[in-house]
Amino acid sequence: MQQKSKVVLVGVATFVLLIWALITIIPLYWMIIGSFQDSAASASFNPRFIPDSWSIAPYERFFNKTNAFRWLFNSLFVSGVLTVTNVFLASLAGYAFAKLKFPGNKSVFWILLSTMMIPSQVTLIPLYVLIINIFSLGDTYTAIILPSLVTVGNIFLMKQYMSSLPTSLIHAARIDACSEFGIFYKIILPIAKPGLAVLAIFTFVAQWNEFFWPLLVTRSSSMRTIQVGLASFKFAESTDYGAIMAGATVGALPMIILFFALQKYFLQGITVGAVKG
Amino acid sequence: MARVVFNNVRKEFVDEKKGTFTAVENSEFVIEDKEFVVFVGPSGCGKTTSLRMIAGLERQTSGDIIIGDRIVNDLHPKDRDIAMVFQDYALYPHMTIRENLSFGLKNLKKSKAEIEQQVKQASSILGLDELLERKPRELSGGQRQRVAVGRAIVRNPQVFLFDEPLSNLDAKLRIQMRVELAELHKRLGATIVYVTHDQVEAMTLGERIVVMSNGIIQQIAPPTELYNKPNNMFVAGFIGSPAMNFMDATIENGKAFVEGAQIALPQAVADGLKSYEGKKIIVGIRPEHLYGEEFAHTVSKEHTMDVTVQVIENLGADNLLYFKVGSRMVTARVHPETIARLGERKRLVIDISKLHFFDPETTQRIALS
């Protein structure tokens, strides 16, 4: 009886997941198919799931008519820099909060954590005023990068991860005449690699997909990231759906490749900090 | 090598919720040069905190700690010339055994030749030669243990600190490592401070044992003295396995009256207990000092007690008989051929030369002059 109900449960779960997978995959499929068709077919009200003809013309138009290579470079640069800064600063802060004794350790951590409760929309305008009006950094890489050098979410993630590392290693290194930064650099960082890899991947993906802040602080086409570039392209060439789909595919492709290449880290990322050990 | 001195050392921890907690209370002792001293006590008694204060991993709230000729209160662990072996070994998992052994020496900026020589020496003492290029995860528990000891040896420190180093090993390996540690001490002639909650480890390894409870040192003495002359009921109950039996008694006319027995005391003992005449007292006797009457050389009725056996445990070499005296459960460790049946009366002989007497109010040993 129990066996039977288990089979039913697995069947229902599989069905629901299958539907959910279809809902997720169809737009992606539509995007990729659309990127190989002319604009009229892409925007058709009577869509064909298997197109009659294939063409790379939308890709040619996308790369010829826009600053696409520059946008891709910008995205890569911004995401790359922010990944490095987030991994370095969040792991340093996480280590300090998890393993070092200093006055105000707990209260500073809780203050930081409480800032996560403030919706980003609330801080957007003051941040904009600070970066654009006061620091006059409009339309620069610094403007895109500065506010996200390290995020509280990442510090929290690292604090949880570092807490699970054995403190006796730190004590052993301290007795072994290692400096405090040496302990972090020579002992903690190497053994925290799985956690750092997860952090790096999640940060890179989040920054690659970031849209609103780069849109706010950039004006010129050459400073746009791929996501912002795609949006502006849409408004300028509102009828060329084929090229838009090609651009969207180009924008999404690195993330899709990244996901399949580093699948195990994505899955690990869901449980980081949740389990001790 | 060097001696270690605690001068009125106290350690308090401040917890936001629980308030101030005293882990070590005004601790005073001297560990002599080349001595092997074991700290023993139940969990939370302050033994590991004491060790960590010697290492410099915890700062004492008050008092002085001296290693060799120096007061080390404000010295960083690396400057105290100590080495420590941790309970979980604390080997650096991403380094090979060779790198683990040489890590401390590299940090001390020793020459390559010296590092090479020290690592070679330590690995040959501990039989690690074949393992030097392996990672810790490729080693068994016993091998990891040896590497942890090796990491301490290469430093050639003044004092070795061991924090429950055998507690993660299985029973057989623990006995083997215990013997190896004792041999190592002889070979190195080092000052060793060793923390354990296992009284067998303490008795077999320590030249002197520091028994702690609730942050207070209960007694510092060589193993045989702790066993034969425990300062108080805590030490008496903690050292020895099975634990010492305690029985409520009244002293009258040179006899100790306990339930089921009137024990005639030797004259010297009776004289020593004169001030307790007519008063309550606690009598202590170790399980191995109670015998089945068939195995006693001489049986005097005044040195026996009749009991009802409630549980019998057969250990092979001995039998443990459990019975009640008053409200207290008492154990006798008897010869395996002793005749005893569950629920039946049994006459046991008491070795009166091995009796201990404690004041029920202070729980301290009553000194018999």
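Chains as they are written, first to last, in this note's numbering: chain A, 1 to 277; chain B, 1001 to 1369.
All residues carry an ideal CB built from backbone N, CA and C; glycine is no exception.
Remember, it's a predicted structure, so these values are computed and weren't measured experimentally.
Item	Value
Residue closest to K1034 (chain B), alpha-carbon to alpha-carbon, out of B:R1174, B:E1180, B:E1207	B:E1207
Touching by the beta-carbon criterion (3+ pairs, under 8 Å), the segment 1123-1131 of chain B and the segment 1197-1207 of chain B	no
Contact the segment 96-105 of chain A vs the segment 1001-1012 of chain B: 3+ CB pairs below 8 Å	no
Short CB-CB distance (under 8 Å) between I188 (chain A) and chain B	no
Three-state secondary structure assigned by DSSP to G1141 (chain B)	helix
Cβ-based burial, H1335 (chain B) [other Cβ within 10 Å; buried from 16]	exposed
Beta-carbon proximity of V1309 (chain B) to L1321 (chain B), cut-off 8 Å	yes
Distance between beta carbons of I1281 (chain B) and N1245 (chain B), contact taken as under 8 Å	N1245 (chain B) to I1281 (chain B), Cβ: 14 Å. No contact.
Whether L216 (chain A) touches Y128 (chain A) by CB criterion (8 Å)	yes
Of the residues B:R1341, B:R1144, B:P1165, the one placed nearest R1098 (chain B), counting alpha carbons only	B:R1144
According to DSSP, residues forming a beta bridge with A1249 (chain B)	B:I1281
The segment 217-224 of chain A in contact with the segment 138-156 of chain A per 3-pair CB rule at 8 Å	yes
C-beta neighbour in chain B for I175 (chain A), strict 8 Å	yes
CA-to-CA distance, G1292 (chain B) to D1318 (chain B), given in whole angstroms	12 Å
Boundaries (first-last residue) of the beta strand (DSSP E) holding V1040 (chain B)	1036-1040
L169 (chain A) at chain B interface by Cβ criterion, 8 Å	yes
Partners in chain A for L1169 (chain B), counting only beta-carbon separations shorter than 8 Å	Within 8 Å Cβ-Cβ: nothing; L1169 (chain B) doesn't reach chain A, min ~16 Å.
DSSP-derived helix/strand/coil call for S1213 (chain B)	strand
Contacts that L1057 (chain B) makes with chain A (C-beta to C-beta distance below 9 Å)	H171, R174, I175
Where the beta strand (DSSP E) containing G1063 (chain B) begins and where it ends	1062-1067
Positions along the segment 1087-1116 of chain B whose CB lies within less than 7 Å of some CB in chain A	D1088, A1090, Y1092, P1093, H1094, F1103, G1104, N1107, L1108
Cβ separation of V1040 (chain B) and V1211 (chain B), assumed to be a contact under 8 Å, to the nearest whole Å	6 Å
Extent of the continuous beta strand (DSSP E) to which M117 (chain A) belongs	M117 (chain A) -> no beta strand (DSSP E), and no H or E assigned at all.
Span of the beta strand (DSSP E), counted from its first residue to its last, around M1084 (chain B)	1082-1085
Distance, I33 (chain A) Cα to R1134 (chain B) Cα	52 Å
Under 8 Å between C-beta atoms of G1056 (chain B) and A1023 (chain B)	no
Any C-beta of chain B under 8 Å from that of I191 (chain A)	yes
Secondary structure of A1296 (chain B), DSSP reduced to three states	coil
At least three beta-carbon pairs within less than 8 Å, the segment 1106-1122 of chain B to the segment 174-183 of chain A	yes
From B:A1296, B:F1357, B:G1326, B:G1150, residue whose alpha carbon lies closest to that of N1228 (chain B)	B:F1357
The segment 1161-1174 of chain B contacting the segment 1078-1090 of chain B, beta-carbon criterion three pairs below 8 Å	yes
Same chain, Cβ closer than 6 Å to A1148 (chain B), neighbours up to 5 away in sequence not counted	V1085, Y1089
Within 8 Å, strictly: CB atoms of L165 (chain A) and I191 (chain A)	yes
is_contact[P147 (chain A), chain B] using C-beta, thresh 8 Å	no
Alpha-carbon to alpha-carbon, P58 (chain A) and Q37 (chain A)	7 Å
Cβ-based neighbour list, G1326 (chain B), same chain, cut-off 8 Å, excluding 5 preceding and 5 following	M1247, D1248, V1258, E1259
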